[in-house]
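Visitor: The structure is given below, and queries will be raised subsequently.
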Amino acid sequence: SAAGRIRNGAGAFINDATQGTVEFTSPSGADDLASVDYFNLTINGSGTYEANEDLTVNNDLKVLAGTAKFNNSASDDTTTAATAAFSTGTTISLGNNEGDKFTVGGTLNLPSDLAGLSLAGTITAGGTGISLGHNATLNDNTIFASATKTTGDITLTGAFTVTNTATATLDTTSGVLTLENASLTNTGTVTKGNIIFTGTSNQTFAPNVDSTYDSVKISKETDGSVTVNKAFSTKELAIKQASGKNTKFDAKATVSDSFSDTGNKGNILFNKGCAFTSTTTPTTFATTGRVTLNGSTSATATCAFTAGVTHIAGPTTLYGALNTTNSDITLGTTTLAADTTINAGTGAVKINGTLNGTFAFTSSGSGSLTFAGAVGATAAPTTITVAGPTNVKAASITTTGLQLYKGDLTFDTTACAVTGVVQAAANVTANSGATFKNNLWIYTASAPATPNDSTLAGTASITVEKNLFFAKDGKKVDVNTSVTAQNILLLHGTLNVNVALTSTQDIIWLGSAYSIADSATGASGVTNLFAYKHDSRKCQASYTDAFPTACPDGTIIASPYTGAVNVAGDVTVTAGQNFYANGLDITGSGAWTLKLKDNNKQTDAFAELYNSTITNCTASPITGSNP
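When we follow my numbering, the leftmost residue of the sequence shown carries the number 9, and every step to the right adds one.
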């Protein structure tokens, strides 16, 4: 008829669905193909043919011309037992609702020469599965329930989810699959896996965890974020997003060959660790946005960059562990969001911007660490621990707890104020002024295996506003630059004083013959008369704590003490308040001067030396005439 309809109503028409062919040729189309079952169904008209209910074709379905809309109402089923063939120039819709089903007994070929293609619901095919050769508009969420192979570069457009099921492989060997505003769930395995995410909508990618993708590209320069919510492995990864938008990996991401984000302005978040495993090409994040390594709930996760990593174009947030294989790590403005350990092996670690965050920071590799920006200026780390050499080019380093430096500590470029207790095992060099606001410990570390001697050196002076402790058991300390501290305590090691050494309060030097008992023939009868602190003294000691038995990190200060002092000729040692030496040799290689506070009144100051020898020394007052 002119309307081109076949209706199965009131017994008016009965079609034999076991044989024969029904062919529609009317240019006006048909809006009710689904009224009856067919054996063969052919659509060969210029109109639009709609199946608005379930449609069953017991043999072959052909669309030779026009437009065919299958499953055109909600949750319809279209089944063709043998084949479905769609000719050049036809426009095909396989569904408009995620509850729809389109099932073909043989291979489903969706060729490149269609005029148009739209998809929704579950699509199933026998034979070799689904051959996808034409771009498609997504009318709703779409599931490929059979093996699907793209035959060229294919774009699926629409803010819906495309899924291949666990038994349905996805093969993109012949081209790239582009998801424009669409999300992708690969439950089944993926071959080649050349995937692009584009458009302005937020998208989700659930990759197949057992597949390695050839390349994944996120190209969203205007709007939209992408979330990868399963463990993900790809040979190549490229990201380019608008400012303020996110590419987020909620499970571990592995990139084996290359990474690029040239021109990227978005944020990249690796929330559960990452591995960039190229052994030859360092990873460079070019984004001006924030890079987050290990994510908000992953303090135990690791991001590993075999050949090294750089991000200086934007800020970096660190959690957990950041590693390389003996390759450099270079970061700009950096925030600690959890306790963080960086290990570059023999490679260098450079923080070219500020470092803030109220957590512990550790650099455990043997390579150098450079702080080029202020540390803790707005949010102080709890502790800093560095195994290798440390270079400070910043105006300030602030922690709320211990700063432990096991390698050389060098201050360069600008004067630096250090807030927090500092414990240093090797050399401390001040080529720019260094002021320690709290205690400074020079100690012997248990690692490296061979403990280091230490040198206080540089072209500028070192100032310690609190106490300076020397606990170099079995080693020596050379003082080669001017050092001033509140109290100076020598507990272990040989102190070689080659330039001026000054305490604003007390000097306390202790050696192996240390004893506080008065053992002279005519004993005074005062218990512990030779002690640094005792009740009979009229002038109180400036250092009020007990002599320490351990360094701040717990390193034991053994007993007995082992201090010894060598002073170079023409050098001045100044005790600003009191001088106390017990049990050691103080040797001058030439004439040297010990400056003391005027102690004409016993209430003003004391200068005492017990169980010790001192040579080539001239005592003189800091002011006045009675040392």
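Cβ coordinates follow ideal geometry from the N, Cα and C atoms, glycine included.
Computed from a prediction, not measured in an experiment: that's the story for all the values here.
Nearest-angstrom Cα distance between Gly562 and Asn607?
Guide: 37 angstroms
Visitor: Could you check what DSSP says for Ala82 in three-state terms: helix, strand or coil?
Guide: coil
Visitor: Could you tell me the distance, in whole angstroms, from the CA atom of Asp24 to the CA atom of Ala76?
Guide: So the alpha carbons of these two residues sit roughly 22 angstroms apart.
Visitor: Just to confirm, are Val426 and Thr443 a CB contact at a threshold of 9 angstroms?
Guide: yes
Visitor: Tyr618 and Ile524 - do their beta-carbons sit closer together than 9 angstroms?
Guide: yes
Visitor: Using a Cβ-Cβ cutoff of less than 7 angstroms, which residues in the same chain neighbour Gly375 once the five nearest sequence positions on both sides are dropped?
Guide: For Gly375, the CB contacts under 7 angstroms within the same chain, skipping 5 residues up- and downstream, are Ala352, Gly353, Thr354, Gly355, Ala356, Val357, Gly396 in chain order.
Visitor: Tell whether a beta-carbon distance below 9 angstroms holds between Gly196 and Thr173.
Guide: yes
Visitor: Specify the secondary structure class of Cys559 as computed by DSSP and reduced to three states.
Guide: coil
Visitor: If you draw a straight line from the C-alpha of Ile622 to the C-alpha of Thr595, how long is it?
Guide: When rounded, the distance between both Cα atoms is 6 angstroms.
Visitor: Taking the alpha-carbon positions, what's the Ile565 to Lys480 distance?
Guide: 9 angstroms
Visitor: List the endpoints of the continuous beta strand (DSSP E) containing Ala368.
Guide: In the DSSP annotation of this structure, Ala368 is not part of any beta strand (DSSP E), being labelled neither H nor E.
Visitor: What would DSSP say about Cys424, mapped onto helix, strand or coil?
Guide: strand
Visitor: Under a Cβ-count criterion, where at least 16 other Cβ atoms within 10 Å of its own Cβ denotes burial, should Pro568 be classed as buried or exposed?
Guide: By the neighbour-count rule (16 or more Cβ atoms within 10 Å), Pro568 is not buried but exposed.
Visitor: With H, G and I counted as helix, E and B as strand and the rest as coil, what does DSSP make of Gln610?
Guide: Note: Gln610 maps to coil in three-state DSSP.
Visitor: Quick one: residues in its chain with C-beta nearer than 6 angstroms to the C-beta of Leu476, no 5 flanking neighbours on either side, listed in chain order?
Guide: Leu448, Ala493, Ile496
Visitor: Please go through the same chain and pick out, in chain order, the residues whose beta-carbon is closer than 6 angstroms to the beta-carbon of Thr512, but skip the five residues on each side of it.
Guide: Gln494, Gly584
Visitor: In the DSSP assignment, find the beta strand (DSSP E) that holds Gln211 and state where it starts and stops.
Guide: The continuous beta strand (DSSP E) containing Gln211 extends over residues 211 to 214.
Visitor: Rounding to the nearest angstrom, what Cα-Cα distance links Ala433 and Val575 in this structure?
Guide: C-alpha of Ala433 to C-alpha of Val575: approximately 22 angstroms in a straight line.
Visitor: State the beta-bridge partners of Pro629 as determined by DSSP.
Guide: Leu604
Visitor: Just to confirm, are Thr366 and Ala385 a CB contact at a threshold of 9 angstroms?
Guide: no
Visitor: Ile392: which of Ala380, Ala133, Lys546, Thr406 sits nearest, CA to CA?
Guide: Thr406
Visitor: Per DSSP, Asn399 is paired with what?
Guide: Thr378, Thr418
Visitor: So Thr91 and Gly114 are supposed to be a Cβ contact under 8 angstroms. How far apart are they, rounded?
Guide: Yes, Thr91 and Gly114 are in contact; Cβ-Cβ is about 4 angstroms, under 8 angstroms.
Visitor: Mind checking Ser628: buried by the 16 CB within 10 Å criterion, or exposed?
Guide: By the neighbour-count rule (16 or more Cβ atoms within 10 Å), Ser628 is not buried but exposed.
Visitor: At what residue ranges does the region 207 to 283 contain a whole run of the beta strand (DSSP E), taking only runs of 3 or more?
Guide: 211 to 214, 221 to 228, 234 to 236, 240 to 249, 254 to 257, 261 to 268, 275 to 278
Visitor: Ordered along the chain, which non-local residues of its own chain (more than five positions away) have a Cβ less than 6 angstroms from that of Lys225?
Guide: Ile204, Ala246
Visitor: From Phe313 to Gly297, what does the alpha carbon distance come to, in whole angstroms?
Guide: 19 angstroms
Visitor: Helix, strand or coil for Phe293 per DSSP?
Guide: coil
Visitor: Are His142 and Leu116 touching if we call contact CB-CB under 9 angstroms?
Guide: Cβ distance not < 9 angstroms, so His142 and Leu116 don't count as in contact.
Visitor: I want to know whether the region 599 to 614 touches the region 532 to 544 - three or more CB-CB distances under 8 angstroms.
Guide: no
Visitor: I'd like the ranges of any beta strand (DSSP E) spanning at least 3 consecutive residues and lying wholly in the region 59 to 134.
Guide: 63 to 65, 68 to 77, 85 to 88, 91 to 94, 99 to 101, 109 to 112, 116 to 118, 124 to 133
Visitor: Can you find the residues in the same chain that come closer than 7 angstroms, C-beta to C-beta, to Thr175, ignoring five residues on each side of it along the sequence?
Guide: Gly196
Visitor: Leaving out five residues on either side along the sequence, give the residues of the same chain with a beta carbon under 6 angstroms from the beta carbon of Ser191.
Guide: Thr169, Gln211, Thr212
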